[in-house]
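Below you'll find the structure, written out as structure tokens, and then a few comments.
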Amino acid sequence: MSGCSDDASAVSVLPYHWSPRKGGSILAKYLKKREDDHFKVLKDLQEATSGVNEEIESKVRILAENLLCEINNNQHEIDCVIAEQDLIEGAPPAENHNDVLNKIESAISERLQEISDFKEEALRLENERANGLRKVLHDHFGRLVAVHHEPPKELFRKFDEKIYEINKQLLSNCAAYNELEEQLRAKANQSQIKARSYINQLRLGVVINNRGRSAIQCDKKEININKRSKSAKESIKAISSAKLSLTDTVELDECINRFSEEYRNAITNTYEAFLKELSELHKQIGVESYIQKQICCANEISILERKLTKSFSRLSEVNFQSAMTINRDLSELVDCIKMMQKSLLAVGNQLKDTYTLLHEASHLWDAHMIRLALAQKLTMAAVEDLATRHDSVEQASDVPFNIALEQLMTASDVDKLQQHYEALDVLLTRKSEEYVQHGDIEMSRLEEFIKLREPLTNILQAEFDLFISKYPIASYGSAEDEGEGSVRETHPRIHTLNMRLQTSIARDIFQTEVEEIALKNWRNGFLESFRNSLPLLSEKLENQVRSWIDERSVPLKKRHSFKTLSLEVRKERIAVARDLRLAQLRNHENCFESHLGAINELATALPTEVSQLLTFDTPGLYPIREWAERIRTGMDELKETSVDDEVKRLKMMSYATRLANHRRLFEESSVSIVESTKKLIGQRVQIARISNIRFVSHLKLFSEGGNHSATEAAKMCAALVKADDIVEGCVGRALDALNHRRVDLLSQADQLIHPLKTIAEDVIKETGKGLENVQLLDKYNVRNPSKGTLYFATTHLIFVDHEMRKETWILLMHISSVERLPITTTGSPLLVRTKTFQSVFFVIPRERDCHEMHQTLLRLSQPVHIEELYCFHYKSTPDDLPKSAGWNFFDIQTEYQRMNVPNEHWVLCNGNKDYELCDTYPSEVYVPARASTAVLVGSASFRSRGRLPVLAYLHHNGAAIARCSQPLSGFSASGFSAR
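So for the sequence shown, the numbering used here puts the first residue at 214; every next one is plus one.
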């Protein structure tokens, strides 16, 4: 393409989806090399990306293995602490209880810190991975743009997709690490709860052993009593030593067994009802609707009372029905039934108190959770309101950013591009400060929730104090225990029963007493544990509030990090857009400068090239210098050798004729070269104009799908108009230089030929028989005739006018007639007419000379024999052309090969090898490839003299010119049709 300094510049100005229809090997190799370079850069990019990922993954793997080791060591330390407490005989000391719990909590805190450090280090590595991938992508993106294999817009789109994938991978990995942190923290909290529970069980288990019954087993259906109280042992001993007073042993045993069975069933039903309600309470703990509706436990208590009453009535009915069948010791049996009812009532009351205690204790914390949830909802509503307002402000600020980015991508020059980039940089800096300010405001609004910790703590502390005052710790053996409905009230009366009643009933009643004591011990242990946990209430609430703030701050931090990440993406985007636009502007500038440079170089070098183009050595210019040297050599040989004067005169006349012919041929060839040079100049100027038009056609604005701005296109068009004016000016200078050079060459040729011509004329004058003072009359200028000398040459009649330095040459074979006219006062006229319609009128001073001239001309112009012609007497010199010259100037096979014949459409026909088809055609002719021999013979028969259509000329685009004669007519055509 014209106007480009090298192949890369030429390819860069081509359309992006251009492909050569028929290109050369150089262009194909260049395009292949550019494709190979593109895939090599992509391979380097993939290897660099894999290297970054492998490095980060190895670091993360090492980090995870270290964390796993730390967690295992931490759990081992906790297990060791629990094992040390478990090895202590008896109850662990009370002063060591808090120390053990503090050790466990410290170990859990260390584990949580390790988890937090692991998360921070992992997030740092993920950010390092993302930054490394972005850097690798940015470095290789510049190389991809420099290769020019794909359009910059396509590369920019792929770059955005890669950046998006990197950011998406970063967010996904960060979310995975956050989820992993939550799971590890949950497992750590579970380990802490299990350890504290085990330590508390060890502590409570020791106290219960001292009391004789474990309070932990109060909610089980099957109670195994390992130890009994002292009073129970004494009662059993008294029952075993007593004797039954009933006479009918079999009937009494049956009655006692029925009483015992019904008593045990009543106790079992009571415990089952208690456990069912307790399970329902456990399921409804933490449920908001249940918390709001079931603040008191009157319904559950009424259910327990109904089941106890049902058990009492069933026991009374059975006992009395049984008693009616017994005739002896009826009063003792009735007392025994009453004792059973009192024992059952005492157990029921204890279960109701236990359930009431648990119900109120559980709903104290549930009420606190309701208050806390309400405060959290209000705080989050305020934070979300702030976030919504901040988002609306940030979305409004996106409009000027998009406008500035569009201005950056359509900048007309480098200065404006830098201005728009700096403006965008300032805008993004302000947005970054705005994001930081909004994030601080949202976090500060969330941190205000911590101010609610103190009032919430005071309210919960007051409720706990009221609960403790409502349910004090009761001591065993107090007046309350000795009142009506207590199991101990039955001890004295059991000793008065007979042995059979004491043995069967006392066992069940004493077991109920043990269970009542276990319930009271469990209640006291629960209240003691509840009271001991009050000092930790403030810390618990503080941790609760702080953990909630930390949990809710994570989405805010993520949101802020997303915004910061979007700013980084925008910064990378405007940097890439700036680099892309800068590359486009530089590419446009380089192409335009290359184009203008080529035009200016053409305008500067064209006159010089044209002036240097026309020299004596120019191909196509007649070699007058060589011929002059040959004639000079021949003249020198004539001077050096002794030659007859007539021969010398003939030689000199031949040289004179040749010099004139050489001069004429040289001038004609110079005219031809000048014309061809003018055409060449016109072609080059036309190519330059076409290149300008093509360059302008490639200037597509952004609205047309191009990448040129209106200002840039206007500047280029104005510069191209000026360049076109420069080219027009250079054409005139080139033509002037060409004409001047031609005049100089003609002058040099005259200077070269004139001395030789003068020598030839002098020799002709010295040796020839020229007629002096001969007048040459001109019919247009009769009054001023030319005077000179008339010479005879071997082939010409020469008239030389010495004053005007003019020669008139008449070829003797061109003379048609010679006529002598009547003599005049000035001399004898002689009229010579030629076959070229030329008439020459000579006036010879003497009549004798005129007669001799007339006879000589008649003899030479009209020879009697053909052997008298000059050609039969001419002997060539070694410097002349050989006689065979000219026979090989034209070769028909060479001409057809130049036209790429034969080919798939035209083939050689051998039918005219012996001139059988047409005697006026060459022996080798080319015909259409699809024409058969019969068609060719028929076509020759149909044409005049057998001149069938054959190929005469074939253009490179496939157009052909064929020659033939007209078809036959009349009887000949009819005969052909008949055949």
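We put the beta carbon where it would ideally sit given N, CA and C, even for glycine. Being a predicted model, the structure only gives us computed values, none of them experimental.
Secondary structure at residue 964: helix, using DSSP grouped into helix, strand and coil. Residue 732 and residue 564 have their C-alpha atoms some 8 Å from each other.
Residue pairing by DSSP places residue 1031 opposite 1045 in a beta bridge. Membership of residue 1021 in the beta strand (DSSP E) is indicated by the continuous run 1019 to 1024. Exposed is the label assigned to residue 668, since fewer than 16 other Cβ atoms lie within 10 Å of its Cβ. The shortest CA-to-CA distance from residue 1055 to any of 490, 1003, 362 and 1077 is the one to 1003. Annotated three-state conformation of residue 1057 is strand, per DSSP. Looking at the DSSP output, residue 1180 shares a beta bridge with 1156.
At least 8 Å separates the beta-carbon of residue 962 from that of residue 865. In the three-state DSSP reduction, residue 1077 falls in the coil class, being neither helix nor strand. Cβ atoms of residue 904 and residue 808 come within 8 Å of each other, at about 7 Å. In this structure, DSSP gives residue 947 a helical state, which the three-state scheme calls helix. Assignment of residue 768 by DSSP, reduced to helix, strand and coil, places it in the helix class. Here residue 1005 is bridged, per DSSP, to 1010.
Along the length of the stretch 634 to 695, whole alpha helix (DSSP H) runs at least 4 residues long occupy 666 to 683, reported in chain order.
Pairing residue 1107 with residue 852, the inter-Cα distance amounts to about 46 Å. Taken through DSSP and simplified to helix, strand or coil, residue 997 comes out as strand. Judged by DSSP secondary structure, residue 849 falls within the alpha helix (DSSP H) whose first and last residues are 837 to 853. The beta-bridge partner set that DSSP reports for residue 1167 consists of 1173.
Nearest to residue 404 by alpha-carbon distance, out of 619, 855, 599 and 322, is 322. One alpha carbon belongs to residue 297, the other to residue 596, and they sit about 49 Å apart. By the beta-carbon neighbour count (other beta carbons within 10 angstroms, threshold 16), residue 365 is buried. Separation of residue 753 and residue 663 (C-alpha to C-alpha, rounded to the nearest whole angstrom) is 13 Å. In this structure, residue 1025 lies near residue 1074, with their beta-carbon atoms less than 8 Å apart.
Of the other Cβ atoms in all chains shown, fewer than 16 fall within 10 Å of the Cβ of residue 653; this residue is therefore exposed. Judged by their CB atoms, residue 1028 and residue 969 are not nearer to each other than the 8 Å cut-off. Residue 1063 carries a helical assignment under DSSP once its states are collapsed to helix, strand and coil.
A Cβ-Cβ distance of about 7 Å is found for the pair residue 989 and residue 1053, placing them in contact under the 8 Å criterion. Per DSSP, the beta bridge partners of residue 1122 are 1138. Counting the other Cβ atoms within 10 Å of the Cβ of residue 332 gives 16 or more, which makes it buried.
Under the three-state reduction of DSSP, residue 361 is assigned to coil, being neither helix nor strand. A distance below 7 Å between beta-carbons, with the five flanking residues on each side excluded, links residue 954 to the following residues of its chain, in chain order: 824 and 827. Annotation for residue 618: the continuous alpha helix (DSSP H) segment containing it runs 611 to 622. One alpha carbon belongs to residue 766, the other to residue 248, and they sit about 51 Å apart.
Counting the other CB atoms within 10 Å of its CB gives residue 579 a total of 16 or more, which places it among the buried residues.
DSSP, read as helix, strand or coil, puts residue 920 in coil.
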